[in-house]
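Asks:
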Amino acid sequence: MGKLVAVTGAEGFIGSHLVETLVRGGARVRAMVLYNSFGSWGWLDDLPPEILEHVEVVLGDVRDPVSVREFMRGAEVVYHLAALIAIPYSYAAPHSYVQTNVVGTLNVLEAARDLQTPRLVHTSTSEVYGTARSVPITERHPLQGQSPYSATKIAADKLVEAYHLSFGLPVVTLRPFNTYGPRQSARAVIPTIISQIAARRPVVRVGALRPTRDFNYVRDTARSFQAVGDAPAERVVGRTLNTGTGVEVSVGDLIRVIADVMGQQVQVEEEQQRLRPEGSEVMRLVGDNSELRAATGWAPHFDLHAGLEATSQWFLEPRNLAHYRPDQYTI
């Protein structure tokens, strides 16, 4: 096996796929999982044994600077994915988002500075752009905090920028647009739709139908992390790079595509409790990925139809669908 890399938020949706991608690429992976008393490794528990034998799992918490520093010690690349991500819950518990997304990132930056980590890949989000003022969205688009979640991610991104400019920290900020695929929380729109159809609910209940998004299949997103972790420093260090397909689809049209992929006819209902406050809803997101392509050679392999087929097949497995509660809306 090759170099040692470390992944925070490894038990999550994108994190678990990234761990798998990195191991298959020949890396030794140290994976931070949020400490819990259940002995759960989150979605890492679902990875095959031949992957897990190359993963060192560490229970910790990015909010604690000591555990972060020890976790990162000796890693050649640190991929920082740990974050609170559910936008509706950020309205209810904004302090927790500041502690995890802002203070947690500060702890990672301080550890990287102390340990002289050769490369830190920080995870941003397309939500920092807010509703698009121009499309496709480039990395120079203004940042707009339209939810407490996006505000904390903007703060984290700016801390990363500051540590690069102030201390020369070798950082890359990767800004994925909407990622989807197996293992994703039902807090996101695609698993919300697919899980209800897979459970044969007669009515699919969603939030707003008009917003548009740029959807990336998770294996492509994981490859983009790997690409910026491996690229020559002069091509990526100090930069923010979008991961997107450049294809825009509304939530309403997305439901029709998913229903077609799954061979079902569905009724759709907008539920008031799923709607964001009017000024907080991001109406349009579609990304320009040309800088990432030029810097690393990355390009998406999955179009929306292929990604939705793979995702729906995963959800149709009873043991996978059992992780979800299609009749329950959780913020």
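In this note's numbering, the protein residues as written are -7 to 323.
For each residue, glycine too, the CB sits at the ideal point set by N, CA and C.
Source: prediction; values computed, not measured.
When the distance is taken between beta carbons, is Asp206 closer than 7 Å to Leu277?
Replies: In contact: Leu277 and Asp206 (Cβ atoms closer than 7 Å).
Asks: My parser needs the alpha helix (DSSP H) runs of 4 or more residues fully inside the segment 278 to 308; what are they?
Replies: Within the segment 278 to 308, the complete alpha helix (DSSP H) runs of at least 4 residues are 282 to 288 and 296 to 308.
Asks: Just how far apart, CA to CA, sit Leu267 and Glu261?
Replies: So the alpha carbons of these two residues sit roughly 12 Å apart.
Asks: Do Gly244 and Leu201 have their CB atoms nearer than 7 Å?
Replies: Yes. Within cutoff.
Asks: Which stretch, first to last residue, makes up the beta strand (DSSP E) that contains His114?
Replies: Segment Arg111 to Thr115, the beta strand (DSSP E) holding His114.
Asks: Going by the beta-carbon positions, is the gap between Ser82 and Pro168 smaller than 7 Å?
Replies: Contact flag unset, no.
Asks: Would you mind reading off the limits of the beta strand (DSSP E) that contains Leu51?
Replies: Element bounds for Leu51: Val47 to Gly52.
Asks: Report back the beta-carbon spacing between Ala67 and Thr109 to the nearest angstrom; my notes put them in contact at under 8 Å.
Replies: That pair is a contact at about 6 Å.
Asks: Met24 lies in the beta strand (DSSP E); which residues open and close that run?
Replies: Counting along the chain, the beta strand (DSSP E) containing Met24 begins and ends at Arg20 to Leu26.
Asks: On a Cα-Cα basis, can you pick out the residue from Val113, Ser142 and Leu101 that is closest to Tyr121?
Replies: The residue with the shortest Cα to Cα distance from Tyr121 is Ser142.
Asks: If you reduce the DSSP assignment to three classes, tell me which class Thr123 lands in.
Replies: It is coil, neither helix nor strand.
Asks: Can you give me the C-alpha to C-alpha distance between Ala190 and Val241, rounded to a whole angstrom?
Replies: If I take the Cα positions, the gap works out to 22 Å.
Asks: Give me the Cβ distance between Ala154 and Val228, rounded to the nearest whole Å; I'm assuming they're in contact under 8 Å.
Replies: About 18 Å separates the two Cβ atoms, so there is no contact after all.
Asks: Determine the DSSP secondary structure at Thr232, reduced to helix, strand or coil.
Replies: Strand, per DSSP.
Asks: Identify, in the order they occur along the chain, each residue of the same chain with its Cβ nearer than 6 Å to the Cβ of Gly173, setting aside the five sequence neighbours on each side.
Replies: Cβ neighbours of Gly173 beyond the five flanking positions: Tyr209, Val210 and Thr303.
Asks: To test your reading of the DSSP string, which unbroken beta strand (DSSP E) runs of 3 or more residues are found completely within the segment 161 to 210?
Replies: As far as the segment 161 to 210 is concerned, its whole beta strand (DSSP E) runs of at least 3 residues are 163 to 168, 170 to 172, 195 to 198 and 207 to 209.
Asks: Going by beta carbon distance, what residues of the same chain come within less than 6 Å of Leu313, once the five residues before and after it are set aside?
Replies: So the qualifying residues of the chain are Ala190 and Phe307.
Asks: Rounded to whole angstroms, what is the Cα-Cα separation between His9 and Gln138?
Replies: So the alpha carbons of these two residues sit roughly 28 Å apart.
Asks: Is the segment 56 to 64 close to the segment 84 to 91, with three or more CB pairs under 8 Å?
Replies: No: the two stretches stay apart, fewer than three of their Cβ pairs being nearer than 8 Å.
Asks: Measure the beta-carbon distance from Ile250 to Ile146 and round it to whole angstroms, keeping in mind my assumption that it falls under 8 Å.
Replies: In fact, because the Cβ distance is near 31 Å, the residues do not count as touching under 8 Å.
Asks: For Tyr81, write down the residues that DSSP places opposite it in a beta bridge.
Replies: According to DSSP, which records beta bridges pairwise, Tyr81 is partnered with nothing at all.
Asks: Distance check for Thr213 and Ile6, CA to CA, integer angstroms please.
Replies: Their backbone Cα atoms lie some 8 Å apart in a straight line.
Asks: Could you name the residues that DSSP lists as bridge partners for Gln259?
Replies: Note: Gln259 sits in a beta bridge opposite Val195.
Asks: Tell me which residues share the same chain as Trp35 and place their Cβ nearer than 7 Å to its Cβ, disregarding the 5 neighbours each side in the sequence.
Replies: Answer for Trp35: Glu3, Gly4, Phe5, Ser8 and Arg175, listed in chain order.
Asks: Let me make sure I understand the geometry here. Which of Thr165, Ser272 and Pro41 has the alpha-carbon closest to that of Pro80?
Replies: Nearest option by C-alpha distance: Ser272.
Asks: Please report the Cβ distance between Gly221 and Tyr71, rounded to the nearest whole angstrom; I am assuming they are in contact, meaning their Cβ atoms lie under 8 Å.
Replies: That belief holds up - the Cβ atoms of Gly221 and Tyr71 are roughly 7 Å apart, short of 8 Å.
Asks: What is the DSSP secondary structure of Ser216, counted as helix, strand or coil?
Replies: If DSSP states are grouped into helix, strand and coil, Ser216 belongs with the helices.
Asks: At which residues does the beta strand (DSSP E) containing Thr237 begin and terminate?
Replies: That residue, Thr237, is in no beta strand (DSSP E); it is neither H nor E in DSSP.
Asks: Go to Val152, then tell me how far its alpha helix (DSSP H) extends in each direction, as first and last residue.
Replies: Segment Pro140 to Phe159, the alpha helix (DSSP H) holding Val152.
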